[in-house]
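Asks: Let me begin by handing over the structure; questions about it come next.
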Amino acid sequence: NAGVTQTPKFRVLKTGQSMTLLCAQDMNHEYMYWYRQDPGMGLRLIHYSVGEGTTAKGEVPDGYNVSRLKKQNFLLGLESAAPSQTSVYFCASRHTGENYGYTFGSGTRLTVV
Amino acid sequence: AQSVTQLGSHVSVSEGALVLLRCNYSSSVPPYLFWYVQYPNQGLQLLLKYTSAATLVKGINGFEAEFKKSETSFHLTKPSAHMSDAAEYFCAVSPTGTASKLTFGTGTRLQVTL
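In the order they appear, the protein sequences are chains A and B. According to the numbering used here, the first sequence is numbered sequentially starting from 231. According to the numbering used here, the second sequence is numbered sequentially starting from 172.
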C-alpha cells in the first residue's frame, strides 16, 4: 500500500547513544518532514526537505541531523541522545501540487533513559 | 510567522451532542488550513482541509469546518457525536505556495460520554 513507512516503531536509548530513524515514502513526493510530538505541545517541525539532496531546519532542529540522499528516504539522526529527546517522532511527505495533502507515517516512540 | 490557537485542551460531549472544536489562526494572508485526527497510539489522519475554494469544507466521518476570514477562525463541527469520535484533534496552518510547512496547534482531546 502506498504511504509513509517509519522504522523503527519503538526504541529505547541510553543517554549519549546515537541512532537513525528512517522514513520511506513510495508516492514520489518531493517534500518530506520530520516532526516531534510532545504532550500539550502539538507537533513541532524538526527538519524538512524540498527535494533529493536538500535539507532545512525547522522550529526545533538542535540535537538532530537529517539526510535526503534518495528521494524516497528521509533519515533523522540523533548523534548523542538526551532525555529531552524522548518523544514520538512523525514523518510526513507531500507533493508539490496546489491542492496538496500531507501524508503522515505511524510514528516512532523514542525513550531516552 | 503563522500560528494557530486551539481553545480548550480537553472537550467533553455526550453521545449525540454537537461537537465544536475551536481553532483560530494568525496570518498576514489567508493560509491553507487543516484539521487532523489522532487516535490513541496512531498517526495523524486528515479530516479536512481548506485551500481557498469553498469556505465551508466537508470532511470525513461527518465533520465539517468553516473558514471565516473576518474572525480568523476555522472551527471544526459535527452535528452528532459518536463514541468512536473520541480522539485528539489538531488544527494546522500552512502558507500558500509550494515550499510551505505545516504549523500545528497544541491539540484538543475530545471525550465522548454516554
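Glycine included, every Cβ here is placed at the ideal spot set by N, Cα and C.
According to DSSP, is residue 282 of chain B helix, strand or coil?
Replies: Residue state, collapsed to three classes: strand.
Asks: Secondary structure at residue 258 of chain A, three-state DSSP: helix, strand or coil?
Replies: Residue 258 of chain A: coil per DSSP, three-state reduction.
Asks: Considering only their Cβ atoms, is the gap separating residue 202 of chain B from residue 287 of chain B smaller than 8 Å?
Replies: Outside the shown range of chain B, which is 172 to 285, sits residue 287 of chain B, and nothing can be said about it.
Asks: So is residue 336 of chain A in contact with chain B if we call contact Cβ pairs under 8 Å?
Replies: So, interface residue.
Asks: Name the one or two DSSP bridge partners that residue 258 of chain B has.
Replies: B:281
Asks: Curious, which full-length beta strand (DSSP E) runs of at least 3 residues does the segment 183 to 256 of chain B contain?
Replies: Listed in chain order, they are 190 to 197, 203 to 209, 215 to 221, 227 to 229, 235 to 239, 244 to 249.
Asks: Can you give me the C-alpha to C-alpha distance between residue 314 of chain A and residue 343 of chain A, rounded to a whole angstrom?
Replies: So the alpha carbons of these two residues sit roughly 10 Å apart.
Asks: Residue 220 of chain B touches chain A at which residues, Cβ-Cβ below 8 Å?
Replies: By Cβ distance, chain A contributes 331.
Asks: So residue 340 of chain A contacts chain B; which residues on that side make the cut at Cβ distance below 9 Å?
Replies: The premise fails here: residue 340 of chain A is roughly 14 Å from chain B at the closest Cβ pair, so nothing lies under 9 Å.
Asks: Can you tell which of B:173, B:172, B:210 has the C-alpha that lies nearest to the C-alpha of residue 254 of chain B?
Replies: The option with the nearest alpha carbon to residue 254 of chain B is B:210.
Asks: Count the other CB atoms, across all protein chains shown, that sit within 10 Å of the CB of residue 299 of chain A; report buried if there are 16 or more and exposed otherwise.
Replies: The residue in question, residue 299 of chain A, is exposed, as its Cβ has fewer than 16 Cβ neighbours within 10 Å.
Asks: Would you report the Cα separation of residue 320 of chain A and residue 240 of chain A, rounded to the nearest angstrom?
Replies: 12 Å
Asks: From what residue to what residue does the beta strand (DSSP E) around residue 311 of chain A run?
Replies: First-last for residue 311 of chain A: undefined, no H or E at that position.
Asks: How about the segment 245 to 264 of chain B and the segment 180 to 200 of chain B: do they share at least three Cβ pairs that are nearer than 8 Å?
Replies: yes
Asks: What do you get for residue 220 of chain B, buried or exposed, if any count of 16 or more other CB atoms within 10 angstroms of its CB means buried?
Replies: buried
Asks: Of all the CB atoms in chain A, is at least one closer than 8 Å to the CB of residue 277 of chain B?
Replies: yes
Asks: Near residue 316 of chain A, what residues of its chain come up, given a Cβ to Cβ distance below 8 Å and the 5 sequence neighbours on each side ignored?
Replies: 340, 341, 342
Asks: Could you please give the first and the last residue of the uninterrupted beta strand (DSSP E) stretch that includes residue 296 of chain A?
Replies: 295 to 297
Asks: Give the DSSP-derived three-state secondary structure of residue 175 of chain B in the structure shown.
Replies: strand
Asks: Could you give the DSSP three-state label for residue 284 of chain A: helix, strand or coil?
Replies: coil
Asks: Residues in the segment 269 to 288 of chain A with C-beta within 8 Å of chain B's C-beta atoms, listed in sequence order?
Replies: 270, 271, 272, 273, 274, 275, 278, 280, 288
Asks: Which residue wins for smallest C-alpha separation from residue 250 of chain A, given the options A:323, A:237, A:290, A:266?
Replies: A:237
Asks: Would you kindly work out how many angstroms separate the C-alpha atoms of residue 186 of chain B and residue 248 of chain B, rounded to a whole number?
Replies: 14 Å
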